[in-house]
Every structure is written in C-alpha cells, then in structure tokens.
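Asks:
There are 2 protein chains.
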Amino acid sequence: MARNGDGSKRERILDAAVVEIARRGYHSTTVAMIAKRAGVADGTIYLYFKNKEQLLFSLFDRAMGRFISEGKASLEQAASAREKLIRIVELHLTLVGQDRDLAIITQVELRHSLHFMDQLSRTLVGEYLGILAQVVIQGQQEGDFRSDLDPVFAAKSIFGVLDEMATDWILSHRNTRLESKSASVVEFLFGGLGC
Amino acid sequence: MARNGDGSKRERILDAAVVEIARRGYHSTTVAMIAKRAGVADGTIYLYFKNKEQLLFSLFDRAMGRFISEGKASLEQAASAREKLIRIVELHLTLVGQDRDLAIITQVELRHSLHFMDQLSRTLVGEYLGILAQVVIQGQQEGDFRSDLDPVFAAKSIFGVLDEMATDWILSHRNTRLESKSASVVEFLFGGLGC
DNA sequence: TAGAATATTGAATGGTCATTCATTTTCCGT
DNA sequence: ACGGAAAATGAATGACCATTCAATATTCTA
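Protein chains in written order, with the numbering used here: chain A, 1 to 195; chain B, 1001 to 1195.
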C-alpha cells in the first residue's frame, strides 16, 4: 500500500487540500473530502497534521517558504534597489499567477479570521515586509528613492498594491496573466500618480 | 411587519452582530450569541434576516452605504481631482479607523470565502473603484495626473494602498490613529518612491 | 520467516448549531 | 375592552463533521 517513503503522503495531502479548499472554501471542505482526493483514509490526515487548522497553516508555510527562498535567490542577482524592486514585483505576480488554486488559498482562504491573520502577519508576511523595507532603505542610500518616506510605510504600500492586483486577478474571471501587470505596477510604484 | 415606531430591532441585531463577530469571528459566533447581545430571541433574528450569511451581508451593506454616501457628499465639496483624492484618502482612513469592531468585519470577516468576496467586489466595492477611476480620469484631464496610467489600474492601486493600511492597523495592536497615515498615503500616491 | 514495530484504516462518537414552528405576547382598530 | 393580526419567543429538531481509536495491514529486524 504505502508507496515511496518519506514525505510523499504528506505532500499528497497538502496538494489535495489546496485543490479542495480553493474550490469549496475552507469551512465547506471536510477532512473527508481532502482525504478522498489524497487517496488516504480520514484518520491518516491526523497522522501528519494535528488538526484541520494546522493543515491550513502548513499550506501557507509550504507556499511562503518557496516564495521567500526564490525571492532571496532572485534578489542576490540584482545590484541596485531599483532592480531589486522590479524583481520582487515580477516574482510576486509570477508566483501568485502561476497556480490559481494556490492563489485562492493565499489571497482568500488564509485570511478568514483575525486570529489566523495575526499569526501570518507576525511570521512570514512580516519577514517579507522586512525584505521590502530593506530594499527601500538601500534605494534611499543610493539616492534613487525619496528619503522622506518611512521605509516601513513604503514597504506596506508596495505590498498593498501587489496584494490588490493579486486579489483582483483571482476575482476577475478573465483569462489574463497576472504578471502582465508587472510593468504598470513598477511604473506606478516609482512614479506615483503625479506628473 | 416587524418595523414599528423604531426600526431599532433590526439595527440592534446588526449592532450586536458587529460586536460578536468582530470579537470571536464569524464562524465561532453563534446566532444565539448575537440574539443574546441584541436582547431578542434566537428565532427573532430570522424575522429580519433570511439566514446567518445574509446577516453578514447586511452588515456590509449598512457600512458601505454610509461610506459611499458620506464619500459622495465630501467629493462634491472638492473641485480638483487632487483635492478629491485627498478627501477620499482621509475619509477612507477616518471611517475605518473610527470603529475597530466594524473595521475587523470589513477587513477580515467579510473576506471569508471566494463566493463572498465575489459578491462584494461585484457590488459596492466595484462602485467604490469606479468612483476612484473617475477621479483619476479627471486628474488626467486637468493635467495633474500622468495620462499614461490606466485609470482602472490606478484606482486599484490606490485602493490597495488604503486597504493595506487599514488591515495593518487592525493587526498592529498599537494605539495609533489610522487617519494619521493620511498625509503619507497621499504623498506616496502622488509621488511614488522615486525622487 | 516470525514476531515486533509502525503505519493506516474507517466506522463510531460526541458535540455543535442553524433553523423551524407551535405557542405566547403585544399591538391596534373599533 | 375585545378580538384578530402581527411579532416575538425559545425549546426541539436534524444535519453536519472533526476527531478518535480499536482493528487491520504493512514494513522492519534478527
């Protein structure tokens, strides 16, 4: 019965959870549905995850872990803050736009309670904002970015724009590619609305 | 009908729902809890609302209705697009920052599920974005805003920044006033990051 | 290969709640 | 003050589902 050893069963459960939760929503998805799609018994879920909520957290961990590691790699290849920001925007939109089901999880399902968001923002999202703030600081030192902006505030603004584009993409059922917005986003972030 | 002298019973139920749902989250709040706080019987809720989900929608309708009507009034007093944008930013942050419980509802609880967000974005949020886009168009005609920006894109970006500030305020438990960010937001929106 | 250790199964459990509706209370016109 | 209509009540219903655990299957060790 049990196939290839190590984490493959756990991975299968996570994959199944992404699909089921994206389609029906966290609260309407039963553990039994996830188990069925993963091809395991209901009880098996509890051998790998403490409970349903932990399973949802694990979904986020896995996705955000990939994001941050790819992000760090990509940033190392960029010298100036300006270039770094461009890469971040592209990476963010590309990764979110790559998997619609996963995007629904990150943009919608992971935000359904204050308790939940609190935990997320304290950990991985916080780390992401920190990286953004660092880039802003670098840009200010290089004289490319205005130095009268609070870097943390700027980081949140950048995140806000990216996050809104991602959510909007999920909600608009058109077949656009999310990363096609990269250039506009970069342009807006650098130049704002004014002439 | 249920509405006598004071339409106050329905209002009391809505008020109670805001408090309970903000504190415990939508899914952990039972209809019985809302009824208790409102001082009515469980069944009475169903004389005013079709079901629990409709009650949540009504919460949003009431809040967003106030927002849009106040917004329109405030916009009429502003002539230039620049002034209008300043007013929108101030109004958005002031209204959200006025009532923490209600803010938790709008920033977190109303975003529970794709289905739910879909309905919101198609209706009132869509209307809000439309107003923002109009202001951008006006600004472009007046020569104050860059005309190479797509107004709908710009509207979403503005909304994204405002929304992120609001969510961040909810999650940071510090005692700041949300509207104190107005000036920074306006400055960022007009000028962006660049020098 | 035996037997122990480990992994998996899935039916049963127990608790939770949204919703209903038979009954009671309040309202109001005459 | 009466009586019928409208409102309100809250206990009962029934559906739902996360989680458990005794039983079974599989893998490992010597």
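We put the CB at the ideal spot given by N, CA and C, even for glycine.
For residue 194 of chain A, which residues does DSSP report across the bridge?
Replies: Looking at the DSSP assignment, residue 194 of chain A forms a beta bridge with B/1145.
Asks: Could you tell me the boundaries of the alpha helix (DSSP H) in which residue 26 of chain A lies?
Replies: Residue 26 of chain A -> no alpha helix (DSSP H), and no H or E assigned at all.
Asks: Ignore the nearest five residues each way along the sequence and tell me which others in residue 155 of chain A's own chain have a CB closer than 7 Å to its CB.
Replies: Hits under 7 Å: 129, 132, 133 and 136.
Asks: Taking CB distances under 8 Å as the criterion, tell me whether residue 237 of chain A reaches chain B.
Replies: Since the first and last residues shown for chain A are 1 and 195, residue 237 of chain A lies out of range.
Asks: Between the C-alpha atoms of residue 1008 of chain B and residue 1062 of chain B, what's the straight-line distance to the nearest angstrom?
Replies: The straight-line gap from Cα to Cα measures roughly 14 Å.
Asks: Would you call residue 1139 of chain B buried or exposed, if buried means 16 or more other Cβ atoms sit within 10 Å of its Cβ?
Replies: By the 10 Å Cβ count, residue 1139 of chain B comes out buried.
Asks: Taking all protein chains shown into account, do 16 or more other C-beta atoms lie within 10 angstroms of the C-beta of residue 179 of chain A, making it buried, or fewer, making it exposed?
Replies: Per the 10 Å Cβ criterion, buried.
Asks: Give the straight-line distance between the Cα atoms of residue 1045 of chain B and residue 1013 of chain B, rounded to the nearest whole angstrom.
Replies: Cα to Cα, the separation comes out at about 7 Å.
Asks: Helix, strand or coil for residue 1134 of chain B per DSSP?
Replies: Residue state, collapsed to three classes: helix.
Asks: Quick one: does residue 150 of chain A have its CB under 8 Å from some CB of chain B?
Replies: Yes, residue 150 of chain A lies at the interface with chain B (some Cβ there is under 8 Å from its Cβ).
Asks: Assuming the contact rule is C-beta atoms closer than 8 Å, residue 196 of chain A and residue 1112 of chain B should be a hit. Round their C-beta distance to whole Å, please.
Replies: Residue 196 of chain A is absent from the structure shown; chain A starts at 1 and stops at 195.
Asks: What residues in its chain sit with their C-beta under 6 Å from that of residue 1003 of chain B, if we drop five residues either side in the sequence?
Replies: With a pLDDT of only 41 at residue 1003 of chain B, under 50, the local geometry of the prediction cannot be trusted, and no value is derived from it.
Asks: Just tell me which of B/1051, B/1193 and B/1123 has its CA closest to the CA of residue 146 of chain A.
Replies: Among B/1051, B/1193 and B/1123, the Cα nearest to that of residue 146 of chain A is on B/1193.
Asks: Run down chain A in chain order and give the residues with a C-beta less than 8 Å from the C-beta of residue 1058 of chain B.
Replies: Those do not exist, as residue 1058 of chain B stays about 19 Å from chain A at its closest Cβ, beyond 8 Å.
Asks: Report yes or no: is there a C-beta of chain A within less than 8 Å of the C-beta of residue 1052 of chain B?
Replies: Output row for residue 1052 of chain B: interface = no.
Asks: Determine whether the Cβ of residue 63 of chain A lies closer than 8 Å to any Cβ atom of chain B.
Replies: Cβ-Cβ to chain B under 8 Å: no for residue 63 of chain A.
Asks: Could you tell me which whole alpha helix (DSSP H) segments of length 4 or greater appear in the region 1081-1112 of chain B?
Replies: Correct list: 1081-1098 and 1100-1107.
Asks: Residue 1144 of chain B and residue 1087 of chain B - do their beta-carbons sit closer together than 8 Å?
Replies: Going by C-beta atoms, residue 1087 of chain B is not nearer than 8 Å to residue 1144 of chain B.
Asks: What is the DSSP secondary structure of residue 2 of chain A, counted as helix, strand or coil?
Replies: Here the model assigns residue 2 of chain A a pLDDT of 35, short of 50, so the residue's position is not dependable and the matter cannot be decided.
Asks: Quick one: residues in its chain with C-beta nearer than 6 Å to the C-beta of residue 68 of chain A, no 5 flanking neighbours on either side, listed in chain order?
Replies: Here the set comprises nothing.
Asks: Output yes if chain B places a C-beta closer than 8 Å to the C-beta of residue 17 of chain A; else output no.
Replies: Not one chain B Cβ lies under 8 Å of residue 17 of chain A.
Asks: When the Cα of residue 1122 of chain B is compared with those of A/188, A/172, A/183 and A/38, which residue comes out closest?
Replies: For the residues A/188, A/172, A/183 and A/38, the minimum Cα distance to residue 1122 of chain B belongs to A/172.
Asks: In the region 1089-1123 of chain B, which residues sit with their C-beta less than 8 Å from some C-beta in chain A, listed in chain order?
Replies: From the region 1089-1123 of chain B, only 1104, 1108, 1109, 1111, 1112, 1113, 1114, 1115, 1117, 1118 and 1121 have a Cβ closer than 8 Å to chain A.
Asks: List the whole-angstrom C-beta distance separating residue 1166 of chain B from residue 1103 of chain B, where the pair is believed to meet the contact cut-off of C-beta under 8 Å.
Replies: Correct: roughly 7 Å between the Cβ atoms.
Asks: With residue 126 of chain A and residue 177 of chain A assumed to form a contact (beta carbons below 8 Å), what rounded beta-carbon distance in angstroms separates them?
Replies: Between residue 177 of chain A and residue 126 of chain A the Cβ distance is about 29 Å, and since that is not below 8 Å, they are no contact.
Asks: In whole angstroms, give me the CA-to-CA distance for residue 1010 of chain B and residue 175 of chain A.
Replies: Cα to Cα, residue 1010 of chain B sits roughly 42 Å from residue 175 of chain A.
Asks: Between B/1106, B/1152, B/1142 and B/1190, which has its C-alpha nearest residue 1169 of chain B's C-alpha?
Replies: Cα-wise, what sits closest to residue 1169 of chain B is B/1106.
Asks: Closer than 7 Å by beta-carbon distance: list the chain B residues that pair up with residue 161 of chain A, in chain order.
Replies: Within 7 Å Cβ-Cβ: 1157, 1160 and 1161.
Asks: Below 8 Å on C-beta distance, what does residue 1154 of chain B contact in chain A?
Replies: Per Cβ cutoff of 8 Å: 188 and 193.
Asks: Confirm, please, whether the CB-CB distance from residue 109 of chain A to residue 160 of chain A is below 8 Å.
Replies: Cβ atoms of residue 160 of chain A and residue 109 of chain A: not closer than 8 Å.
Asks: Can you say whether residue 29 of chain A is buried or exposed, counting buried as having 16 or more other CB atoms within 10 angstroms of its CB?
Replies: By the 10 Å Cβ count, residue 29 of chain A comes out buried.
Asks: Count the other CB atoms within 10 Å of the CB of residue 184 of chain A; is the residue buried (16 or more) or exposed (fewer)?
Replies: With 16 or more Cβ atoms within 10 Å of its Cβ, residue 184 of chain A is classed as buried.
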